[in-house]
Structure formats: structure tokens, C-alpha cells
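Asks: Attaching a single structure in C-alpha cells format; questions to follow.
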């Protein structure tokens with residue numbers, strides 16, 4: 176609508192609209208600032224009062240850092256912060272905002288350009304974190320940035336309160352450093368890439384792990400299979416398992432049956448391969464002494480109401496009637512959040 180207004184009057188109209196929301200009579204608990212915002216919000220009367228009680232905040236590195244510095248002077252109540260890093264510019268405002276927070280325990284970093292590592296280093300020293308999510312755009316990891324990754328991999332980090340870790344395209348050395356810095360307290364991990372080294376780091380440092388999401392695992396290669404089995408043996412509190420790429424259900428069911436802790440009863444498997452009903456029936460039989468299973472099968476082969484899907488449904492219903500399965504989903508749910516279905 177504002178683009179239909181005469182260009183010379185747009186700033187006046189925008190200012191009046193913002194005044195309707197930003198004033199001394201309003202308090203926001205959540206704020207998301209667009210990447211394209213080029214307006215000096217902190218100069219509006221009532222800015223301090225309006226945002227003094229923020230609990231969640233999202234912005235990107237394109238924001239005027241002076242806005243964040245002004246926000247840091249009045250707001251110390253942010254609990255959840257999401258920050259997208261696009262440009263190698265000054266980070267003094269966001270660093271100051273983080274430093275003054277009293278209850279910040281959830282940080283999500285999405286990084287497409289990391290020529291300046293100051294912000295990342297500062298946030299990785301934030302002691303009160305209970306949830307940390309780091310996403311890197313792999314295409315922008317050039318040689319100079321990889322050298323800085325090597326430096327970050329040597330940092331001595333400590334996250335005594337970190338419970339949830341989600342990483343994407345994070346180099347092994349950084350992930351290892353972060354996990355070791357939790358002193359064994361992690362309860363939930365989500366990975367988007369994985370090999371035997373990643374798995375080994377997890378089971379050597381996360382004895383109290385409850386929820387684990389892994390990407391595609393090649394169950395036809397011996398080493399990852401062995402390390403995955405070691406993880407199931409060592410993580411005796413494991414409660415829920417998500418694997419977003421299964422190429423051999425039979426081998427997966429065999430390993431879970433043989434080596435997983437009795438606490439594991441929540442499963443979410445994504446695959447494009449059909450499941451052998453005889454083998455999954457055996458899988459259900461072998462889990463009869465556990466808590467009733469929560470089962471999610473994301474599989475395009477069972478998207479349509481075919482005879483194969485009906486046979487699968489009938490089998491699952493049979494075990495639900497026996498009390499072995501509590502709840503299930505068969506189909507394709509690409510929008511589900513990590514572990515959301517487990518609640």
C-alpha cells in the first residue's frame with residue numbers, strides 16, 4: 176500500500192504508521208525486524224518503553240547496529256534470539272545486546288557469510304545457553320573462512336547448561352568442541368550430516384542423550400553401522416530416534432532390537448523404500464516389553480491408499496490393539512518439526 180503513495184510523502188506516512196505501534200502505551204514481548212528495514216526505529220519516541228520487556232527477537236546482520244545498541248540499554252529480558260548473518264560488517268550492536276541479557280538461553284545462528292567471526296565467538300562463550308542452533312551456508316565456506324573454522328575448533332568452550340544442539344553444515348572440529356563443552360549434559364541433538372566420527376563424538380560425550388535426529392545413514396557400509404550400534408549401547412537414556420534417510424529397514428530394525436536401550440520407544444523413519452511387513456512384524460514383537468511405541472513412517476510409497484498401505488495399516492492396527500503400539504502415522508509429513516510428534 177505504501178508504494179502507491181507519492182514518493183516524497185512515503186517517509187511521513189511510514190513514520191505515522193510506526194507511531195501507532197511504537198509508543199509509551201505499548202509493550203511488545205516479541206519482535207521480528209525485516210532484513211530490508213532501513214528506518215531508524217530507535218529515534219521514535221516510546222522506543223525504550225515499547226521494547227523493554229521483549230522475550231523473543233529476530234533480525235539479520237543488515238540491521239543498523241545502532242538500533243541494537245539502543246535496544247541493549249533498555250531491554251535485558253530476551254530469552255530467545257535468532258540472528259541471520261549475511262554480511263561481513265560491524266557486529267557491535269548485537270554483541271552488546273547479547274552481553275546485557277539476563278535470561279537468554281536460546282540462540283539460533285544462520286550464517287551465509289562469516290568473514291567476521293567476532294559475533295560467533297562472543298555467542299559461543301555465552302554460559303547460560305540451554306539451546307543452540309548453528310546453520311552455515313556451505314557454499315560460502317571459502318579457504319580463509321575454513322582457516323577461521325580451524326581456530327574456532329581450538330577454542331576452549333563451556334556450555335554447562337546446554338541441553339539442545341542443532342547443527343547444519345558445521346565442521347566436525349567445531350561440533351566436537353561444542354559437544355565436549357557441555358560436560359555430558361546434552362539431551363537432544365539434531366544433525367543434517369553425519370559419519371562415523373560424528374556418531375563417535377556423540378556417544379563418547381552424551382551419556383544422558385534422550386532425543387537424536389540423524390540424516391541418511393548408509394546401513395550397507397560396516398563402519399557407520401558399528402558406530403551407530405555403539406551409540407545405542409552407550410546412550411542408555413535414549414528415548415526418541417529420528418532417521419531422515421533409511422536405505423535398509425531390515426538392518427536398522429535388527430540393530431535397534433539387538434542393541435538399543437529399553438528406554439527407546441519413539442521412532443520416526445523417513446525412506447523411499449518399501450518396508451518388508453514380515454521384518455517389521457518381527458520388530459514389533461521384539462519391542463513388546465517396552466513402553467507402547469510411538470511410530471512415524473514417512474514414506475511416499477504409502478502416500479496413496481493402495482493395497483500395500485492398507486496391509487501395513489492393518490498390521491500396525493493389530494499391534495496397537497495388543498498395546499504394543501500407542502500411536503502411529505504412515506504417509507508423508509515433510510513439515511513436521513524435530514521431535515514434535517513425540518510430545
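Residue numbers (our numbering): 176 to 518.
We put the CB at the ideal spot given by N, CA and C, even for glycine.
With a threshold of 16 other CB atoms inside 10 Å of the CB of residue 165, please say whether the residue is buried or exposed.
Replies: Limits of the chain in this structure are 176 at one end and 518 at the other, which puts residue 165 out of reach.
Asks: Can you tell which of 359, 238 and 204 has its C-alpha closest to the C-alpha of residue 217?
Replies: If we check each option's Cα against that of residue 217, 238 comes out closest.
Asks: Between residue 484 and residue 236, what straight-line distance do the alpha-carbon atoms span, to the nearest angstrom?
Replies: Using only the alpha carbons, I get a separation of about 48 Å.
Asks: If you follow the beta strand (DSSP E) that residue 207 is in, where does it begin and where does it stop?
Replies: 205 to 207 is the extent of the beta strand (DSSP E) around residue 207.
Asks: From the DSSP secondary-structure annotation, give me the bridge partner or partners of residue 503.
Replies: 470.
Asks: Compute the beta-carbon to beta-carbon distance between residue 389 and residue 369, rounded to the nearest angstrom, for a pair I have assumed lies under 8 Å.
Replies: That belief holds up - the Cβ atoms of residue 389 and residue 369 are roughly 5 Å apart, short of 8 Å.
Asks: So, is residue 359 buried or exposed, given that buried needs 16 or more other C-beta atoms within 10 angstroms?
Replies: Its Cβ having fewer than 16 others within 10 Å, residue 359 is exposed.
Asks: Can you tell me whether DSSP reads residue 338 as helix, strand or coil?
Replies: Three-state result, residue 338: coil.
Asks: Please give me, in chain order, every unbroken run of the beta strand (DSSP E) with length at least 3 that falls completely inside the region 227 to 252.
Replies: Runs of the beta strand (DSSP E) inside the region 227 to 252: 231 to 235.
Asks: Which of the three DSSP states, helix, strand or coil, is assigned to residue 187?
Replies: It is helical.
Asks: Do the CB positions of residue 354 and residue 381 come within less than 8 Å of each other?
Replies: Contact flag set, yes.
Asks: Give the DSSP-derived three-state secondary structure of residue 385 in the structure shown.
Replies: DSSP places residue 385 in coil when its eight states are reduced to three.
Asks: Please list, in chain order, all residues of the same chain as residue 176 whose beta carbon is under 8 Å from its beta carbon, the five residues on each side excluded.
Replies: Interpretation of residue 176 is limited by its pLDDT of 49, a score under 50 that renders its predicted location unreliable; the figure taken from the coordinates is listed afterwards. So no residue of the chain qualifies.
Asks: How is residue 365 classed by DSSP in three states: helix, strand or coil?
Replies: Residue 365 falls in the strand class under three-state DSSP.
Asks: Is any non-hydrogen atom of the ligand ATP found closer than 7 Å to the C-beta of residue 414, if you look at the structure I gave you?
Replies: This structure lacks the ligand ATP; in fact it carries no ligand of any kind.
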